[in-house]
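See structure below.
Protein chains: 2
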Amino acid sequence: MSHTLGIRQAQKQKTRQALLDAALELLEGQSLSSLGLREVTRAVGVAPTAFYRHFRSTADLGVALVEEALGSLHPTIRTALSTTGDTEERIVRAVELIAGHVERHPAHVRFIARERYGGVRPVREAIGEQLARFAEEVAEALAKDPVSEGWSRDDLLMLAQLYVDQMIMTACGFLEAQEAGPEERERITRLAIRRLRLIGVGRQHWLDDGHGDNAESGTTS
Amino acid sequence: MSHTLGIRQAQKQKTRQALLDAALELLEGQSLSSLGLREVTRAVGVAPTAFYRHFRSTADLGVALVEEALGSLHPTIRTALSTTGDTEERIVRAVELIAGHVERHPAHVRFIARERYGGVRPVREAIGEQLARFAEEVAEALAKDPVSEGWSRDDLLMLAQLYVDQMIMTACGFLEAQEAGPEERERITRLAIRRLRLIGVGRQHWLDDGHGDNAESGTTS
DNA sequence: ATTTCCGGAGAACAGTTGTTAACTGCATGG
DNA sequence: CCATGCAGTTAACAACTGTTCTCCGGAAAT
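If you want it as C-alpha cells, here you go:
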C-alpha cells in the first residue's frame, strides 16, 4: 500500500482536520444543532462550498467528531483497565487518568457530554454505540478479576456500564471545575474516588446478599 | 390578596404558557441554542415581537422551562422518598415512579437531559442548581434511615448525588426506550433495579470496610 | 366617561443561512 | 507532455434570523 499519500490527498486531509478543529472550538459555546456550515468555513478561511468536499452536512461532521473524540479516549480506558495493584490504588489511578484526559482534551470531553443526549440523532446514536463498545471492553476486563467469580454475564455488563457512566460524569465534573480553582478539582477528585469506592464495596458483597442468582432473569440457556 | 388575576393578566399568562409549550415541542428535534425566536412565535401564531413581552431571549425562555420541567419532577421525588417498606420494594417503587414520570412528561425529561450539559450557560447553571437542591433533599431523607448511622455528612451527600444522577440516567434510558418496543422498557427497568441494588449493597457495607472515617478528610470541626 | 396603560400587530432593517451552478488552477496518471 | 480529475473559488439564489420603531385596540384606573 502507498503510504506517502501524495501531495493532493495530504492537503485534503489537512483542511478536513482544520474544519474539524474549528468546529470543535466553535462548539465550546453552542450545540451542534446550531452550528452553521458557513460559520465553520469562515473560521478556517475557506469558501463555504469547500465544506461539501469533506462532509455532507454538519451532522456528518458531528459523527466524525465523535470518532475523533472517543478515539482519543480509548487508549486512556485501556490504560486504566490494565493498571495492576490494590483496589484502592486502581481507583485513584483511574480518577487521575480521567483528570489528565480532561485537561488534555477538554473540547473533546465537552463535545461528548453535550451531544450524548443532544439534538442531532445520528451523533447521539454514534456516541451511544461507542460507549456500549467501551462497556463491553470494561466487562471483559472485569471478568478476568477473581472478584467476579460467579457473576452472570448480564451483571458484569451492568457493572461495566455503571463504571463507564461514572467515568463520563466524573469527566464532566472535571470539565466544570476547570474554569474554577484547583481546589474545586481536588474536591471533584475526592468525590469521584468515594463514589468508586462505594460501588466497589457493593461489588465485593454482591453475591453475599443473594443477588447473583436473580430468579426472574433467564440465564438458563 | 386578589386571586382573580384580571382578564388582562390571564391572557398574558395564557400566551406565555403557549410559548413555553410550543418551544418544548420544537425542542424535541433540536437543542435550545438553535431554537429561534421567530420559530416559536410562528408555532403559537403570534407576531415575533410579542415574544419580547414575555422573555428577553430564548435563553431566558430556557430557564423558565427548567423551572417548569424540574418543578414537575419535584413531587415525584418526594413521593419516592416517602415510600416505606423493604429496601427492595423501595427500589422497585422508585424505578416505577421514574418510568411513570417519563411517560407522563417525556418532553420535560428530554429537555433536562439535553440541556444539562448543553450550549446555553444560564440554562446549564439553572439545572445544576436545581439538581443540587434535589440531592440535598435526598441526603436529608437518607439521614433519617437507620442504615445511615455513623455516616459523615459528606458521604451522605455523595450517596445522594449518586442516587440523583442514577435517577436521571434511568430517565434517559426510558426516554430512549420509549420509541422502541415495551420489551426494551422492561430491560431498562431490570437494569436500573440491579444498579440501585448494587449501590444499596455498597451502602450497607460502607462502614464495615472502614470507609466512614476517611483519614484525610477534615470532618473535625 | 375619559384617560392611561400595555399586550400584541405590522413593517422594515441589515445580516445571516444552506445550496446550486459554473469556474479555475494544479497534482496526478497515462 | 498532455489530458483528466478534483479541491477549492466566486457569484448568486431565496429564505430565514434578531431587533427596532410605530401603531392599534381594549382592559384598567381615575
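Chains as they are written, first to last, in the working numbering: chain W, -1 to 219; chain G, -1 to 219. In this text, a Cβ means the ideal position worked out from N, Cα and C, and glycines have one as well. Remember, it's a predicted structure, so these values are computed and weren't measured experimentally.
Smallest Cα separation from W:H52: which of W:L18, W:L30, W:E135?
Here residue 52 of chain W refers to the residue found at position 54 of the first sequence. For W:H52, the nearest C-alpha among the options comes from W:L18.
Whole-angstrom Cβ separation of W:G116 and G:S29, contact assumed at under 8 Å?
Here the question's residue 116 of chain W lines up with position 118 in the first sequence. Here the question's residue 29 of chain G lines up with position 31 in the second sequence. Contact holds; Cβ gap of about 6 Å.
Under 7 Å, Cβ to Cβ, is there at least one residue of chain W near G:S29?
What you label residue 29 of chain G is simply residue 31 of the second sequence in a count that begins at 1. Yes, contact with chain W.
If the cut is a Cβ gap below 7 Å, which residues of chain G does W:S150 touch?
Numbered from its first residue, the first sequence carries residue 150 of chain W at position 152. Neighbours of W:S150 on chain G: none; closest Cβ ~10 Å, over 7 Å.
For a minimum of 4 consecutive residues, which ranges assigned as the alpha helix (DSSP H) are wholly contained in the segment 140 to 211 of chain G?
Complete alpha helix (DSSP H) runs here, min 4: 151 to 176, 180 to 202.
Look at the alpha carbon of W:L157 and the alpha carbon of G:R108, and state the distance between them as a whole number of angstroms.
On the first sequence, residue 157 of chain W is found 159 positions in, with the first residue counted as 1. On the second sequence, residue 108 of chain G is found 110 positions in, with the first residue counted as 1. So the alpha carbons of these two residues sit roughly 25 Å apart.
Under three-state DSSP, which class holds G:F109?
Working through the second sequence from its first residue, we reach residue 109 of chain G at position 111. Helix at G:F109.
Using only the alpha-carbon positions, how far apart do W:L129 and G:E65 sit?
One-based indexing of the first sequence puts residue 129 of chain W at position 131. One-based indexing of the second sequence puts residue 65 of chain G at position 67. Looking at the two C-alpha atoms, the distance is approximately 31 Å.
Can you find the residues in the same chain that come closer than 6 Å, C-beta to C-beta, to W:L25, ignoring five residues on each side of it along the sequence?
Along the first sequence, one-based indexing puts residue 25 of chain W at 27. F109.
Specify whether the segment 89 to 107 of chain G and the segment 194 to 201 of chain G touch according to this definition: at least 3 beta carbon pairs, one from each stretch, less than 8 Å apart.
Touching, yes, given that three or more Cβ pairs across the two stretches are closer than 8 Å.
Tell me the rounded alpha-carbon separation between W:K12 and W:S55.
Within the first sequence, numbered from 1, the residue matching residue 12 of chain W stands at position 14. Within the first sequence, numbered from 1, the residue matching residue 55 of chain W stands at position 57. One C-alpha to the other measures close to 19 Å.
Under 7 Å Cβ-Cβ, which residues of chain W neighbour G:R112?
Counting from 1 along the second sequence, the entry for residue 112 of chain G is found at position 114. Near G:R112 (Cβ distances below 7 Å), the residues of chain W are Y115, G116, G117.
Taking 8 Å as the limit between beta carbons, can you name the residues of its chain near G:E134, skipping five residues before and five after?
Translated into positions along the second sequence, residue 134 of chain G becomes position 136. Contacts found: L155, A158.
Hey, quick one: how far does the alpha helix (DSSP H) through W:Q11 stretch, first residue to last?
For the purposes of this step, residue 11 of chain W is identified with residue 13 of the first sequence, where counting begins at 1. Segment 4 to 24, the alpha helix (DSSP H) holding W:Q11.
Could you tell me if W:V118 is buried or exposed, where buried requires 16 or more neighbouring beta carbons within 10 angstroms of its beta carbon?
Taking the first sequence and counting its residues from 1, the one referred to as residue 118 of chain W is at position 120. With 16 or more Cβ atoms within 10 Å of its Cβ, W:V118 is classed as buried.
DSSP three-state call for W:Q28: helix, strand or coil?
Indexing the first sequence from 1 puts residue 28 of chain W at position 30. Looking at W:Q28 - three-state DSSP - the assignment turns out to be coil, as it is neither helix nor strand.
Can you give me the Cβ contacts of G:A124 inside the same chain, cut-off strictly under 7 Å, excluding the 5 residues immediately before and after it?
On the second sequence, position 126 is the one that residue 124 of chain G refers to. Excluding residues within five positions, the ones whose Cβ falls inside 7 Å are V61, V64.
Residues in the segment 178 to 204 of chain G with C-beta within 8 Å of chain W's C-beta atoms, listed in sequence order?
For the segment 178 to 204 of chain G, which is checked against every Cβ of chain W, the residues closer than 8 Å are R188, L189, R192, R193, R195, L196, I197, G198, V199, G200, R201, Q202, H203, W204.
Measure from the C-beta of G:M165 to each C-beta in chain W and report whether the shortest distance is under 7 Å.
As a working mapping, residue 165 of chain G is identified with position 167 in the second sequence. Not closer than 7 Å to any Cβ of chain W, the Cβ of G:M165 fails to qualify, so no.
Under 7 Å, do W:L173 and W:V100 count as touching if we go by C-beta distance?
Position 175 of the first sequence, counted from the first residue, corresponds to residue 173 of chain W. Position 102 of the first sequence, counted from the first residue, corresponds to residue 100 of chain W. Contact flag set, yes.
Go to G:S70, then tell me how far its alpha helix (DSSP H) extends in each direction, as first and last residue.
Locating residue 70 of chain G in the second sequence gives position 72, counting from the first residue. 56 to 80 is the extent of the alpha helix (DSSP H) around G:S70.
Among the residues of its own chain, which have a CB less than 8 Å from the CB of W:A213, if the five just before and after it don't count?
Taking the first sequence and counting its residues from 1, the one referred to as residue 213 of chain W is at position 215. Residue placement at W:A213 is flagged as unreliable, the pLDDT there being 45, under the threshold of 50; a coordinate-derived value is accordingly withheld.
Looking only at C-alpha atoms, which of W:M167, W:A21, W:D143, W:E181 sits nearest to W:R201?
Counted from its first residue, the first sequence places residue 201 of chain W at position 203. Considering only alpha carbons, the answer is W:D143.
Which value, in whole angstroms, describes the spacing of the CA atoms of G:D163 and W:A48?
Numbered from 1 along the second sequence, position 165 holds the residue referred to as residue 163 of chain G. Numbered from 1 along the first sequence, position 50 holds the residue referred to as residue 48 of chain W. The alpha-carbon atoms of G:D163 and W:A48 are separated by roughly 42 Å.
Taking only beta-carbon atoms, is W:L63 less than 7 Å away from chain G?
As a first step, residue 63 of chain W must be located in the first sequence, where it is residue number 65. Cβ-Cβ to chain G under 7 Å: no for W:L63.
Within this structure, are the beta carbons of W:S32 and G:S31 separated by less than 7 Å?
Within the first sequence, numbered from 1, the residue matching residue 32 of chain W stands at position 34. Within the second sequence, numbered from 1, the residue matching residue 31 of chain G stands at position 33. Yes, the pair counts as a contact, with Cβ atoms nearer than the cut-off.
What do you reckon, are the CB atoms on W:A175 and W:I96 nearer than 7 Å?
Here residue 175 of chain W refers to the residue found at position 177 of the first sequence. Here residue 96 of chain W refers to the residue found at position 98 of the first sequence. Taking 7 Å as the Cβ cut-off, W:A175 and W:I96 do not qualify as a contacting pair.
Could you check where the alpha helix (DSSP H) with G:A36 kicks off and where it finishes?
The residue labelled residue 36 of chain G in the question sits at position 38 within the second sequence. It is worth fixing the name first, because residue 36 of chain G is Arg in this sequence and not Ala. Here the alpha helix (DSSP H) through G:R36 covers 35 to 42.
Rounded to the nearest angstrom, what separates W:G171 and W:A105 at their Cα positions?
Start at 1 with the first residue of the first sequence, and residue 171 of chain W comes out as number 173. Start at 1 with the first residue of the first sequence, and residue 105 of chain W comes out as number 107. So the two alpha carbons sit approximately 14 Å from each other.
Would W:D143 count as contacting chain G if we go by Cβ distances under 7 Å?
If you number the first sequence from 1, residue 143 of chain W lands on position 145. Chain G contact via Cβ: absent.
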